[in-house]
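Below: one structure, written as structure tokens.
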């Protein structure tokens, strides 16, 4: 007789777990679909570069030059190549290189600067933002610190959807140029993280309502 209550307990626990998993999956699906649907028309790539509107400033979203095991990071290489191509094609006149900087030994903007100068982009056409620890920070700092409310976002295709969504919510006129795609087998971890990052972006924008002041940006007051 004592086994039945125990069975009922596990069945109830299973149902609750299944419902939570189902609800979480629905939230994940809806948030990702919303962001991609809202922004996909603003994404260009090397096949449609001719249709990309000319702009003054590009925002290159940072990543590490190499993986923890020391192997080269193809996302880094492809983003740098994309930014250099846009500059040399006359689509952009200035680039903000935005990324994290944990110490003097790890500085994503400096890494990007060295790599893009090797591709013929002059240092005078570069602004380094070492406080762009996440996409939201990079976008807000481009507007409220560097005073640019019109941007071309440069990153991986799966990444630029979220960046464009953030731009739209802070009244930034933006379009995106997607770097060449990294094969799934080499990028699946980053892609999976991005699914959850999109959910967090919606929470930041609509639940927590992150403001420039929340990330340490002091705006001028009248």
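In the numbering used here, the protein residues as written are 78 to 299. We treat Cβ as the ideally placed atom computed from N, Cα and C, and that holds for glycine. Small disclaimer: the values here were computed from a predicted structure and weren't measured.
If contacts are defined as beta-carbon pairs under 8 Å, then residue i and residue j qualify, I think. What distance do you get, rounded to the angstrom?
i           : j           : result
residue 193 : residue 160 : 6 Å
residue 170 : residue 133 : 5 Å
residue 214 : residue 220 : With a Cβ gap of about 11 Å, residue 214 and residue 220 do not count as contacting.
residue 303 : residue 172 : Look at the range of the chain in this structure, 78 to 299, and you will see that residue 303 is not part of it.
residue 272 : residue 109 : 6 Å
residue 190 : residue 205 : 6 Å
residue 263 : residue 151 : 6 Å
residue 276 : residue 120 : Residue 276 to residue 120, Cβ: 20 Å. No contact.
By a C-beta neighbour count over all protein chains shown, 10 Å radius and 16 as the cutoff for buried, is residue i buried or exposed?
i           : result
residue 298 : Bear in mind that the predicted position of residue 298 carries a pLDDT of just 49, short of 50, making it unreliable; the figure below should be weighed with that in mind. It is exposed - the Cβ of residue 298 has fewer than 16 other Cβ atoms within 10 Å.
residue 195 : exposed
residue 235 : buried
residue 293 : exposed
residue 106 : exposed
residue 78  : With a pLDDT of 46 at residue 78, under the threshold of 50, the predicted position of this residue should be treated as unreliable, though the coordinate-derived value follows. Residue 78 should be labelled exposed.
residue 66  : In the structure as shown, the chain begins at 78 and stops at 299. Residue 66 is therefore absent and cannot be evaluated.
residue 179 : exposed
residue 153 : buried
residue 231 : buried
residue 261 : exposed
Of the residues the options, which one's Cα is nearest the Cα of residue i?
i           : options            : result
residue 122 : 263, 244, 258      : 258
residue 36  : 130, 200, 136      : Residue 36 lies beyond the stretch modelled for the chain, which goes from 78 to 299, so this question has no answer here.
residue 127 : 266, 254, 287      : 254
residue 278 : 238, 179, 265      : 238
residue 202 : 217, 136, 218      : 136
residue 289 : 256, 247, 88, 91   : 247
residue 139 : 264, 120, 267, 188 : 188
residue 249 : 228, 261, 183, 260 : 228
residue 212 : 276, 225, 190, 243 : 243
residue 210 : 276, 103, 184, 295 : 184
residue 164 : 284, 245, 200      : 200
What first and last residue would you give for the beta strand (DSSP E) that runs through residue i?
i           : result
residue 231 : 227-232
residue 171 : 171-175
residue 205 : 203-206
residue 255 : 250-255
residue 22  : In the structure displayed, the chain extends from 78 to 299; residue 22 sits before or after that span and is not available.
residue 291 : Here residue 291 belongs to no beta strand (DSSP E), and DSSP marks it neither H nor E.
How far does the alpha helix (DSSP H) with residue i in it reach, from first residue to last?
i           : result
residue 223 : Careful: residue 223 lies outside any alpha helix (DSSP H) and carries neither H nor E.
residue 279 : 261-279
residue 186 : 185-194
Using the DSSP secondary-structure output, state which residues sit across from residue i in a beta bridge.
i           : result
residue 143 : 149
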